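Notes for the one structure printed next.
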Amino acid sequence: MGQLGNIPSSWNTDSEAFILVSEHRPNLGPNLEADDIPVINLAPFFDVIGVEAEGENWSAIGAVVEHSKDPTLRSLVAEIGNACAEWGFFQVVDHKISPELLRKVMEAAKGFFSLPLEEKKKVGRSFERPLGYNDSELTKNARDWKEVFDWAPLGYYEMPETVDSDYRSGRYSNTTLKSYNQWPAMPDGFREACETYTEAVVHLSGLLLGLISVSLGLPYDVLHHYFDKDNTIQARLNHYPHCPLADLVCGVNRHVDSGALTVLAQDSVGGLQVKRKDGQWVAVKPREDAFVVNVGAILQVWSNDKYRGVEHRVSVNERKERFSIPVFYDPSIKTDVFPLPQLLDEEHPAQYQSYNWGFFRRTRNNGNFKQLGENIQIHHYRI
Numbered sequence: 001m002g003q004l005g006n007i008p009s010s011w012n013t014d015s016e017a018f019i020l021v022s023e024h025r026p027n028l029g030p031n032l033e034a035d036d037i038p039v040i041n042l043a044p045f046f047d048v049i050g051v052e053a054e055g056e057n058w059s060a061i062g063a064v065v066e067h068s069k070d071p072t073l074r075s076l077v078a079e080i081g082n083a084c085a086e087w088g089f090f091q092v093v094d095h096k097i098s099p100e101l102l103r104k105v106m107e108a109a110k111g112f113f114s115l116p117l118e119e120k121k122k123v124g125r126s127f128e129r130p131l132g133y134n135d136s137e138l139t140k141n142a143r144d145w146k147e148v149f150d151w152a153p154l155g156y157y158e159m160p161e162t163v164d165s166d167y168r169s170g171r172y173s174n175t176t177l178k179s180y181n182q183w184p185a186m187p188d189g190f191r192e193a194c195e196t197y198t199e200a201v202v203h204l205s206g207l208l209l210g211l212i213s214v215s216l217g218l219p220y221d222v223l224h225h226y227f228d229k230d231n232t233i234q235a236r237l238n239h240y241p242h243c244p245l246a247d248l249v250c251g252v253n254r255h256v257d258s259g260a261l262t263v264l265a266q267d268s269v270g271g272l273q274v275k276r277k278d279g280q281w282v283a284v285k286p287r288e289d290a291f292v293v294n295v296g297a298i299l300q301v302w303s304n305d306k307y308r309g310v311e312h313r314v315s316v317n318e319r320k321e322r323f324s325i326p327v328f329y330d331p332s333i334k335t336d337v338f339p340l341p342q343l344l345d346e347e348h349p350a351q352y353q354s355y356n357w358g359f360f361r362r363t364r365n366n367g368n369f370k371q372l373g374e375n376i377q378i379h380h381y382r383i
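If you read the sequence shown in the UniProt record's numbering, its first letter stands for residue 1, the second for the next number, and so on.
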C-alpha cells in the first residue's frame, strides 16, 4: 500500500491492519451533526448542593438532592434520565471544571505525542503492563488509527492475573495483577497536569453517577460504594494523527464502552460519532465548554436496559490531528454486575445474569492486544 504520510513510522509497515471491511468504514459525507444530543446545564444542581459539591460525602449530597423541591433541579434530573434512555449520550456544561485545567492537560498531551517514538516507548504498554503508551490497540479486532497514553488515578490498575479463555465459564484467578502508572520524563509538568485534571473529572463523574441514580428513582448514593478505594477508574490521552485514508479506517472502531460511565473532553476537530436508534450514525458537535458523557455497559445492566450503552466510533481527519481525553469511571474488580433488585418486578424481570467485572475487564483487555475472535459483550449474559 505504500507510505501513509506523516504518521508513526511503525504504522507504515502494517498499514493493511487498519483497513476496515466496507460495511464498517466511516461515512465521511454530509453527516448529520447531532444538535439534538442533549446539552445539560449543571448549574441548578450546584446551586442546590452548594458547598457539598466540593466533597465526596455522597450521602450528604444525596440528602440535599432528594429533599429538594427546586423545579429546575427536578427538570435537570429528568433531562439526564431521558438522555440516558434515548441517546446513551449527553453533554454537560457549567460543570465547575476550570478551562485552565483542560488547557494544561491538552498542552501536555500535545507535548508528549510530539516526542520521538523511541522516547514514548520508554513508557510503553504491554499485555502484562497495560498502563502507559501504546500505538497498536485493537477494537473489534481492527487496528485503531490512534496512539494513547493511559494512567490510573489510584496509581495502579488491578485485574485478575488469569481468566478462563471461555467467557461462559466466568472463572478467574484469586491472584491479581497490579499494573502501576508509568510517567515519562518529558514534557515538563506532564504528570502534574494529568493528575490534577483527572482528580477534577473523577469527582465530576461521581456527582453525575448520583444524578443518574436519582433519575432511575434510586437513592443518590446507591452505587458509589462500588467505586471505593479499589476502583478501576482509568484516564487516557488520545491522539488521532491526520490520515490520508480517512474513508477506510477509524480512529476507534464501533464499540460500546464496557464500564459504567465515560466522561470525555475533546478538542474542536470533531470525529466522535454515535449510532442512533434508527441506525444512523451522527457526529457529536464539539463544544469548547462541555464534557461528553456516555452510558457504559455496566449501567445498562444495572438499569436492566432502562438506560443503554450505545455504539460509537471515531472517524479521522485527512488534514487535521485530533486530541481527546476520556476518563472511564469503572468499579472495583470485585464488583458482581447484575440488574438492581429495586428496578425489578413481575413486569420487569431481570434481563441479565450476574457477571464479575474483574473477569469481564481482564478478558476485554486481552482483546486489546490480540485478535481473539468475538470480544466479550454484555449480550453474552442476556437471559
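For every residue, glycine included, the Cβ atom is placed at its ideal position computed from N, Cα and C.
None of these values were measured; they are calculated from a predicted model.
A direct Cα-to-Cα measurement between residue 134 and residue 114 gives close to 14 Å. Counting of Cβ neighbours within 10 angstroms places residue 62 among the buried residues, the total reaching 16 or more.
Taking the C-beta atoms as reference points, residue 123 is found no nearer than 8 Å to residue 211.
Between residue 330 and residue 260 the beta-carbon gap is near 6 Å, inside 8 Å, which marks them as a contact. When the Cα atoms are used, residue 214 and residue 245 turn out to be separated by approximately 45 Å. Membership of residue 325 in the beta strand (DSSP E) is indicated by the continuous run 322-329.
Only exposed fits residue 51, as fewer than 16 other CB atoms lie within 10 angstroms of its CB. The segment 345-360 and the segment 269-282 do not touch, with fewer than 3 CB-CB distances between them shorter than 8 Å. Comparing alpha-carbon positions, the option among 249, 380 and 230 lying closest to residue 364 turns out to be 380. The Cβ atoms of residue 313 and residue 254 sit closer than 8 Å to each other. With contacts defined as CB atoms closer than 8 Å, residue 204 and residue 95 qualify as a contacting pair. DSSP places residue 159 outside any alpha helix (DSSP H); the residue lies instead in the beta strand (DSSP E), whose first and last residues are 156-160.
Put simply, the segment 275-295 does not touch the segment 214-223. Fewer than three CB pairs are less than 8 Å apart. Where residue 110 is concerned, the enclosing alpha helix (DSSP H) starts and stops at 99-113. The count of Cβ pairs closer than 8 Å, one atom from the segment 229-244 and one from the segment 138-158, reaches three, so the stretches are in contact.
Each residue's CA atom was taken as its position, placing residue 302 and residue 131 some 28 Å apart.
Apart from the 5 residues on each side of it in sequence, residue 287 sits with its Cβ closer than 8 Å to the Cβ of 39, 91 and 93 in its chain, given in chain order.
In summary, residue 258 is buried, with 16 or more beta-carbon neighbours lying within 10 Å of its beta-carbon over all protein chains present. Bounds of the beta strand (DSSP E) holding residue 264 are 261-266. When the five nearest sequence neighbours on each side are left out, the beta carbons in the same chain lying within less than 6 Å of the beta carbon of residue 109 are those of 237 and 323, in order along the chain. One thing to note: residue 263 has its Cβ within 8 Å of the Cβ of residue 327. Its Cα nearest to that of residue 82, the residue 217 stands out among 189, 217, 106 and 187. Annotation: residue 172 to residue 160 spans about 6 Å, alpha carbon to alpha carbon. From the listed residues 184, 194 and 299, the smallest Cα separation to residue 103 is found for 194. C-alpha of residue 336 to C-alpha of residue 68: approximately 32 Å in a straight line. Of the residues 37, 125 and 129, the one whose Cα lies closest to the Cα of residue 89 is 37.
At least 8 Å separates the beta-carbon of residue 129 from that of residue 75. Membership of residue 172 in any alpha helix (DSSP H) is not indicated, and neither H nor E is assigned to it by DSSP. Take the alpha-carbon of residue 44 and the one of residue 72: they are about 6 Å apart.
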